[in-house]
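Number 339 in my numbering belongs to position 327 of the sequence shown; there are no gaps in the numbering.
All C-beta atoms, glycine included, are put in the ideal place defined by N, C-alpha and C.
Reading through the structure tokens given below for one structure.
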Amino acid sequence: MEKLWGGRFQGESESWIETFGASISFDQRLAKYDIQGSLAHVKMLQKTKIVPAEDTQKIIAGLTRLNEKLENSELVFTIENEDIHLNIEKMLHAEIGPVAGKLHTGRSRNDQVATDMHLYLKDTVNQVIQQIHHFRKLLVDKAEKHVETIMPGYTHMQHAQPISFGHHLMAYYSMLTRDQQRFEESLKRIDLSPLGSAALAGTTFPIDREYTAELLGFASLYENSIDGVSDRDFILEFLSNSSMMMVHLSRLCEEIILWCSHEFQFVELTDSFSTGSSIMPQKKNPDMAELIRGKTGRVFGNLFSLLTILKGLPLAYNKDLQEDKEGMFDTADTILASLPILAEMIHTMHINEAVMQNATAKDFSNATELADYLANKGIPFRQAHEIVGKLVLSCIQNNHYLQDIPLSDYQKIAPEIQADIYEILEAKTAIERRTSFGGTAFTQVSQMINQAKKNL
Ligand code: ARG
């Protein structure tokens with residue numbers, strides 16, 4: 013097959029090598045954006061009179077037909093035509109004849125592919141933002157139902173202090189809020205037109221870059237044509253923001269997996285988010301949560317892959333850059349699939365409130381309450397800490413808990429201790445008294461939720 017760049021070549025290309033160099037198997041996903049970019053470019057060629065209107069009109073009609081065919085899945089891409097740009101151009105030739113050759117005036121595949129990627133990522137990031145926003149809404153909904161659901165809060169995976177389950181969920185809300193902000197902030201670096209950078213140095217034709225940027229809906233332009241064709245920071249940033257978001261999803265998944273276990277039994281997932289075992293009839297596995305935790309690995313991998321591709325790459329375009337696409341698509345597909353699955357999983361999961369609360373009934377997560385109580389009576393906190401530590405040790409040796417110690421025994425250790433200590437030691441009291449800003453007190457959690465609802 014005749015190559016669009018074949019003039020300088022004498023030998024025939026070999027198909028197995030061609031296959032290695034081709035990107036059409038994956039960059040065909042950019043077809044819609046490629047046609048959009050070409051339409052903007054050709055309209056600019058007409059406006060600037062670089063190409064006569066009679067020709068540009070034919071090109072516009074041809075591209076429009078190709079777009080229709082694309083929407084009807086009628087375009088057939090071939091490896092011989094290497095990538096999406098050459099495939100579309102070849103198809104345009106088939107539609108309108110040699111005048112199609114005028115489309116590439118003042119343009120290169122280098123600025124073309126960068127433009128496609130910017131358009132694709134702008135669409136994708138906007139979808140991601142919407143999905144995070146939806147997830148945050150569902151989290152707030154769930155948290156609102158569980159402001160007063162008591163659970164043990166953990167540090168080092170050991171019972172630490174009792175907390176509100178709603179408070180715990182709202183911590184994920186905060187993480188996702190930052191994720192959404194990061195994606196939103198990244199838009200300013202995505203919403204930038206490289207079109208008109210040409211191969212690297214700009215062009216001798218009197219092009220109008222502002223006009224093409226405006227037609228494509230870009231907010232601004234790359235200021236440096238060499239940067240315009242070489243920059244992949246906007247993709248790195250997407251992969252990095254996605255990785256950080258996946259860290260959050262994965263941590264939540266890990267907790268759900270623990271909470272579903274026989275040892276915890278804090279929550280139960282609906283059947284649609286679980287699967288059974290082919291051998292063990294009793295199993296109900298939290299597969300979807302495990303998968304999201306697992307997929308986090310590939311999202312990190314895609315970030316590292318592109319970081320490595322870019323390091324040491326001289327300016328300007330190098331074919332290495334073709335390797336920026338599959339990881340980006342894979343990350344986009346992965347996060348766009350994970351977000352709604354996890355959001356719905358949380359939304360529909362059943363919370364075993366009694367089990368959660370019971371987990372705080374027979375433990376020492378109220379030890380801080382006793383220490384704070386003593387400190388409030390004027391005993392230096394360090395000394396109070398020591399006293400309570402010894403009490404905990406003796407409770408463990410006697411197989412009971414702080415709330416089981418008789419008042420007379422307490423008063424032998426510290427005469428300051430009064431009968432009100434038993435209420436102080438209750439999980440609910442411990443929570444209700446943590447009214448510091450952002451703390452786990454039901455009143456504080458309700459305030460967080462109200463603020464979140466306002467922000468959403
Ligand atoms: N398929 C190429 C890519 O994805 C398009 C740009 C090709 N440019 C070039 N000078 N060979 O990067």
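Contact set for residue i: own chain, Cβ-Cβ below 6 angstroms, skip 5 residues either direction
i: E156; result: I461
i: F195; result: V137, V140, I141 and N253
i: V404; result: F376 and A379
i: T282; result: T360
i: Y422; result: I429
Residues that residue i bridges to, as DSSP identifies them
i: V279; result: I363
i: L204; result: S232
i: Y166; result: H171
i: T287; result: N297
i: S176; result: I162
Pair within 8 angstroms by beta-carbon distance, residue i and residue j
i: L228; j: Q463; result: no
i: A210; j: R310; result: no
i: D128; j: D46; result: yes
i: T68; j: L57; result: yes
i: T372; j: P164; result: yes
i: Q143; j: P392; result: no
i: S497; j: A213; result: Nothing can be reported for residue 497, as the shown portion of the chain is limited to 13 through 468.
i: Q415; j: L437; result: yes
i: V279; j: H359; result: no
i: T60; j: I219; result: yes
i: I72; j: K114; result: no
i: S262; j: R305; result: yes
i: G475; j: A126; result: Residue 475 lies beyond the residue range present for the chain, which begins at 13 and ends at 468; the question has no answer from this structure.
i: L131; j: L104; result: no
i: A366; j: P174; result: no
i: N364; j: Q459; result: no
i: D203; j: A172; result: no
i: F38; j: E235; result: no
i: H53; j: T215; result: no
Residue i to residue j span [Cα, whole Å]
i: I108; j: Q334; result: 29 angstroms
i: M368; j: K81; result: 57 angstroms
i: H180; j: H158; result: 10 angstroms
i: L477; j: L199; result: In this structure the chain extends from 13 to 468, so residue 477 is not present and cannot be described.
i: Y413; j: K374; result: 7 angstroms
i: L315; j: L251; result: 5 angstroms
i: K331; j: T90; result: 19 angstroms
i: L188; j: I399; result: 41 angstroms
i: N122; j: P206; result: 9 angstroms
i: C265; j: T31; result: 40 angstroms
i: R77; j: V63; result: 20 angstroms
i: L322; j: E249; result: 13 angstroms
i: E101; j: K15; result: 11 angstroms
i: A112; j: G288; result: 57 angstroms
i: E481; j: M13; result: Outside the shown range of the chain (13 to 468) lies residue 481, about which nothing can therefore be said.
i: A23; j: E197; result: Note on residue identity: the sequence assigns Gly, not Ala, to residue 23. Approximately 49 angstroms between the Cα atoms of the pair.
i: A355; j: M258; result: 13 angstroms
i: P418; j: N411; result: 14 angstroms
i: F449; j: M182; result: 14 angstroms
i: E267; j: Q170; result: 14 angstroms
Whole-Å CB distance - residue i paired with residue j, under 8 angstroms assumed
i: F177; j: T161; result: 4 angstroms
i: A43; j: L87; result: 7 angstroms
i: A301; j: I269; result: 5 angstroms
i: I96; j: I29; result: Wrong, their Cβ atoms sit about 19 angstroms apart, outside the cutoff.
i: G33; j: E94; result: 7 angstroms
i: A453; j: E444; result: 6 angstroms
i: E381; j: A426; result: With a Cβ gap of about 14 angstroms, E381 and A426 do not count as contacting.
i: S350; j: K307; result: 6 angstroms
i: S242; j: L327; result: 5 angstroms
i: T117; j: F217; result: 6 angstroms
Nonlocal neighbours in the same chain, by C-beta distance under 8 angstroms from residue i, ignoring five residues either side
i: L468; result: H145, R148, K149 and V152
i: I247; result: M129, L133, L318, D336 and M340
i: M256; result: D191 and R194
i: E428; result: L386, K389, G390 and I391
i: D245; result: R201
i: C407; result: F376, Y413, L414, D416 and I417
Cβ neighbours of residue i in the same chain (closer than 7 angstroms, five flanking residues each side left out)
i: L325; result: D332
i: A396; result: A383, L386 and A387
i: S286; result: K296, N297, P298 and D299
i: T455; result: T447
i: Y184; result: L151, H260 and L264
i: A65; result: Q58
i: W271; result: F278 and V279
i: K466; result: none
Distance cut-off 7 angstroms: residue i Cβ against heavy atoms of the ligand FAD
i: R148; result: The ligand FAD is not part of the structure shown, which contains the ligand ARG as its ligands.
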